[in-house]
Amino acid sequence: MRTLLHDGWTLRAVGGAAPDTIAEAVVPATVPGCVHTDLLAADLIPDPYLDDNEAALAWIGRTDWRYETTFAWHPAEAHDVVELVCAGLDTIATVVLNGVVVGETQNMHRTHRLDVTDVLREGDNRLAVTFASAVDHVERIREETGALPHTNHHPYNLIRKTACNFGWDWGPDLVTAGIWRPIALEAFSSARLAEVRPLVDVQDGHGRVITHVELARAGEHDEPLVVSVEVAGHRVEVAVDEDEDTAVVGILVESPELWWPHGHGAQPLYPVAVRLRSPASGVELDAWDGEIGFRTVTLDTGSDADGTRFTFVVNGKPVFVRGANWIPDDAFPHRIDAERYAARIDQAKDAGVNLLRVWGGGIFESEDFYRHCDREGVLTWQDFLFACAAYPEEEPLRSEVVAEAREAVARLCPHPSLVLWNGNNENNWGWHDWGWQERLGDRTWGLGYYTELLPEIVAELDPTRPYTASSPWSVTTEIHPNEQAHGSMHVWDVWNSRDYTAYRDYRPRFVAEFGYQGPPTMRTLLRAVHDEPLTPTSPGMIVHQKAADGDAKLERGLTAHFGVPADFDSWFWATQLNQARAVSLGIEHFRSLSPLCAGTVVWQLNDCWPVTSWAAVDGDGRRKPLWYALRNAYADRLLTVEPRDDGLVAVAVNDSDEDWSARLTVRRLAVDGTVLRMFEVPLTASARTTVTLPLAPGDVAPEHPERELLIVDADTGQRAAWFHVADKDLALPAPELRTEVERVEQGYRVRVHAGALARDVSILADRVAPDAEVDDMLVTLLPGESTTFLVRTLADVAHDRLVAPDVLRTANELVAR
Numbered sequence: 001m002r003t004l005l006h007d008g009w010t011l012r013a014v015g016g017a018a019p020d021t022i023a024e025a026v027v028p029a030t031v032p033g034c035v036h037t038d039l040l041a042a043d044l045i046p047d048p049y050l051d052d053n054e055a056a057l058a059w060i061g062r063t064d065w066r067y068e069t070t071f072a073w074h075p076a077e078a079h080d081v082v083e084l085v086c087a088g089l090d091t092i093a094t095v096v097l098n099g100v101v102v103g104e105t106q107n108m109h110r111t112h113r114l115d116v117t118d119v120l121r122e123g124d125n126r127l128a129v130t131f132a133s134a135v136d137h138v139e140r141i142r143e144e145t146g147a148l149p150h151t152n153h154h155p156y157n158l159i160r161k162t163a164c165n166f167g168w169d170w171g172p173d174l175v176t177a178g179i180w181r182p183i184a185l186e187a188f189s190s191a192r193l194a195e196v197r198p199l200v201d202v203q204d205g206h207g208r209v210i211t212h213v214e215l216a217r218a219g220e221h222d223e224p225l226v227v228s229v230e231v232a233g234h235r236v237e238v239a240v241d242e243d244e245d246t247a248v249v250g251i252l253v254e255s256p257e258l259w260w261p262h263g264h265g266a267q268p269l270y271p272v273a274v275r276l277r278s279p280a281s282g283v284e285l286d287a288w289d290g291e292i293g294f295r296t297v298t299l300d301t302g303s304d305a306d307g308t309r310f311t312f313v314v315n316g317k318p319v320f321v322r323g324a325n326w327i328p329d330d331a332f333p334h335r336i337d338a339e340r341y342a343a344r345i346d347q348a349k350d351a352g353v354n355l356l357r358v359w360g361g362g363i364f365e366s367e368d369f370y371r372h373c374d375r376e377g378v379l380t381w382q383d384f385l386f387a388c389a390a391y392p393e394e395e396p397l398r399s400e401v402v403a404e405a406r407e408a409v410a411r412l413c414p415h416p417s418l419v420l421w422n423g424n425n426e427n428n429w430g431w432h433d434w435g436w437q438e439r440l441g442d443r444t445w446g447l448g449y450y451t452e453l454l455p456e457i458v459a460e461l462d463p464t465r466p467y468t469a470s471s472p473w474s475v476t477t478e479i480h481p482n483e484q485a486h487g488s489m490h491v492w493d494v495w496n497s498r499d500y501t502a503y504r505d506y507r508p509r510f511v512a513e514f515g516y517q518g519p520p521t522m523r524t525l526l527r528a529v530h531d532e533p534l535t536p537t538s539p540g541m542i543v544h545q546k547a548a549d550g551d552a553k554l555e556r557g558l559t560a561h562f563g564v565p566a567d568f569d570s571w572f573w574a575t576q577l578n579q580a581r582a583v584s585l586g587i588e589h590f591r592s593l594s595p596l597c598a599g600t601v602v603w604q605l606n607d608c609w610p611v612t613s614w615a616a617v618d619g620d621g622r623r624k625p626l627w628y629a630l631r632n633a634y635a636d637r638l639l640t641v642e643p644r645d646d647g648l649v650a651v652a653v654n655d656s657d658e659d660w661s662a663r664l665t666v667r668r669l670a671v672d673g674t675v676l677r678m679f680e681v682p683l684t685a686s687a688r689t690t691v692t693l694p695l696a697p698g699d700v701a702p703e704h705p706e707r708e709l710l711i712v713d714a715d716t717g718q719r720a721a722w723f724h725v726a727d728k729d730l731a732l733p734a735p736e737l738r739t740e741v742e743r744v745e746q747g748y749r750v751r752v753h754a755g756a757l758a759r760d761v762s763i764l765a766d767r768v769a770p771d772a773e774v775d776d777m778l779v780t781l782l783p784g785e786s787t788t789f790l791v792r793t794l795a796d797v798a799h800d801r802l803v804a805p806d807v808l809r810t811a812n813e814l815v816a817r
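Oh and the sequence shown: position 138 is 138 in our numbering, straight run, nothing missing.
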């Protein structure tokens, strides 16, 4: 019997830095929830996401808080055991029921089950959960044990709490507290299902499900039990003796439909029903229901002439990863519901993304996240929750890590979308290159977690999936973890110090992180920042730019390609465009190297608040120009022009199951549209292959680079463009756009005709209405060409507003003379 305890809660400050007006207040509390959102709902604080409210609310993280409620307990029948089940307490919590301390916790990433059988009363009960300041806690631990290396301001590595909750280079410093996941009473007699792990394998076309079941018994009432498992119409029962608390149930399913990542096949899911009953009474004691998919996954890390592979293989078939990194979609993650998860994952899939990496500075996401990935065929790579820091391997942290990891592996292993467990984010790299060794001396820093403890837990609980120790990772501790010829790598020197064309200097086996910044959509930006005047470095803009020297790096990128923008609107459009250009160039280069390079995971898909960042979807869920660039660069069939040592080549990437035959028309053009040279090249690219076609320098080399471009068109619809110089050095004319606007059922159809070369024609639809969204962006038109955009919106919009200068944009206007 399960009884949710989500009603009637109040919140108040009980110590620390709260202002007097807050310290005296008792406010209604939402459970699941957190302090920030409760205070916001009570109109006691401003929105933490707006302007500089983040800094003004830092006291919340330095205050102790108490949640309290009363509830009635009138069980319909007697039970042997009643547990208070806390699925998420954030983080340093003392739980008191009817004046009795029933639990003390220090880990927001795990479930705590507290036996309250002897404390719970028939009738009214009073429950209180007091949260001590997590900031004060980690600072006290640091004083007692000494500092360990970490990024950002707070020593988040001394507590099992979401790392980015303490601030990151894209996230706010809003240290939360609260009951952030469900809390309930669960009563049982005799026994309950403590853990269910259905492990799936496929051999010779047949599926095998081995379901491991662990029981929690009520103690004095041990009795023989029966566990039954049903999958795909097959039902098997096993007896569990009174002195046993585990069971293993095997089921063979002949010729099941295989689960595939999207783009490779369908995603059939099979329900799994597990039941626990007493044969003596015939009573069903507990039940578990889930879904599985039949598929195999391996990670090919074998050696070859080029180094060490890092290739995902699903059902025996290599899969090129078109990925994106995932961070918590809100700084207050209890606000992320199933609908929001689905919207964000659908945005990823629609952009061609087939893998989301759940980054180690965040959380183990809710079932809604993984369930939607299962259904949509989006692979997931799950980091254990360690990021950019040295973590102590001693108690009390070690026991928390063990409990947290075991729970996460057991909970997530049924999901077919999950294809990799990864030990940490960048910690091995940090030990090598970030000055840690001198600071650490002989102290532990987490290596034992990543190379011993975590792989042992995965091998025990989920041997069906591969494990890697870190990202980046060269597959062995004997090689530098970010060596491009071996395993996975992160490419961050480009954003930090080089022009984005330097992505082409790399020949990696797999890129697990790389990216470039740009601001959110204008609608999102203006909701969050109210500076007058608004400039790239006005106060609110600075608050919403968390990257070290971020504005200087944005300026460096603009200077190389567009020069210095004349006004804020030009800066805004140029930085968004530069972000899209940078990431698409990187993806196209890395994909052109396949199968040498077996995947890219862009940093990052999403944001947790309104901010200038690397995200393709901003903090309000709006698609930035980068999203459209991802969709183009991650297309099943990609045509790109790339520089090689011997000159330019056309590369056709066919990441589909159908052979691709086409005729390529190559045109060397003047910017006014004059054809200077034209020829045809036949293309035959078998399924899942990459074909490189050299282009003779005599055919494509420009006489006047600033006045020429190269266009490669496939008669199957794909196009690649090559510009020999940066936009600022290119003789781009005014685009001479003619437009027609028509009202249609979904919104507005906007037809754009270019009288001259128009580069990256885009409609920034959010500027005309909050719900407005355009179907395409970043379309380059040759002189005389046209394109049509669909702007979906429920709003009534004046036709001329849809083609106004701040809405209809091109690269030309940034540099045209």
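Backbone N, C-alpha and C define an ideal beta-carbon position, used for all residues, glycine too.
Selection from the options that minimises the alpha carbon distance to residue i
i      : options                        : result
Val31  : Asp136, Trp492, Pro333         : Pro333
Val803 : Leu757, Glu736, Glu785         : Glu736
Gly302 : His486, Val274, Val564, Gly540 : His486
Trp627 : Leu638, Ala273, Val102, Asp350 : Asp350
Arg637 : Glu773, Thr716, Asp569         : Thr716
Asp80  : Ser538, Glu186, Arg335         : Glu186
Asn654 : Val26, Asp645, Asn315, Leu639  : Leu639
Thr69  : Asp806, Pro705, Val95          : Val95
Ile363 : Val353, Ala408, Gly377         : Ala408
Ala232 : Thr63, Val274, Glu393, Asp245  : Val274
Ser133 : Ser189, Trp65, Arg142          : Trp65
Gly599 : Arg357, Thr501, Leu269, Leu11  : Arg357
Asp713 : Ala23, Ser661, Pro610          : Ser661
Asp52  : Val529, Val253, Trp722, Thr451 : Val529
Integer-rounded CB distance, given that residue j should sit under 8 angstroms from residue i
i      : j      : result
Ala147 : Ala387 : The Cβ separation is near 17 angstroms, so there is no contact.
Pro565 : Gly647 : Not confirmed; about 33 angstroms, so no contact.
Met678 : Arg663 : Met678 to Arg663, Cβ: 13 angstroms. No contact.
Val601 : Leu355 : 7 angstroms
Tyr67  : Ile179 : 6 angstroms
In DSSP terms, what residue i is bridged to
i      : result
Leu630 : Its beta-bridge partners do not exist; DSSP assigns none.
Glu708 : Ala670
Thr63  : Gly16
Gln106 : Ile92
Gly290 : Val272
Lys624 : Paired residues: none, contrary to the question.
Gln382 : Val358, Trp421
Cys86  : His112, Ile183
Asp118 : Answer is none; Asp118 lacks a bridge partner.
Ala216 : Arg192
Glu376 : According to DSSP, Glu376 bridges with nothing at all.
Ala758 : Leu781
His544 : Beta-bridge pairing links His544 to no other residue.
Met678 : Arg667
Burial state of residue i, where buried means 16 or more other Cβ atoms lie within 10 Å
i      : result
Gln382 : buried
Leu44  : exposed
Glu856 : What is shown of the chain runs 1 to 817, which leaves residue 856 out entirely.
Thr145 : exposed
Asn325 : buried
Asn496 : exposed
Gly708 : Going by the sequence as given, residue 708 is Glu instead of Gly. Burial call: buried.
Gly435 : exposed
Arg344 : buried
Leu4   : exposed
Ser417 : buried
Any non-hydrogen atom of the ligand ADP within 7 angstroms of residue i CB
i      : result
Val725 : This structure lacks the ligand ADP, and indeed carries no ligand of any kind.
- prompt: Taking one C-beta from the stretch 322 to 333 and one from the stretch 164 to 178 each time, how about it: are there three or more such pairs within less than 8 angstroms?
  reply: yes
task: Assess, as a yes-or-no matter, whether the stretch 574 to 581 is touched by the stretch 513 to 520 under the definition of 3 or more beta carbon pairs within less than 8 angstroms.
output: yes
- request: State whether the stretch 17 to 32 contacts the stretch 43 to 61, with contact taken as three or more CB pairs (one from each stretch) at a distance under 8 angstroms.
  value: yes
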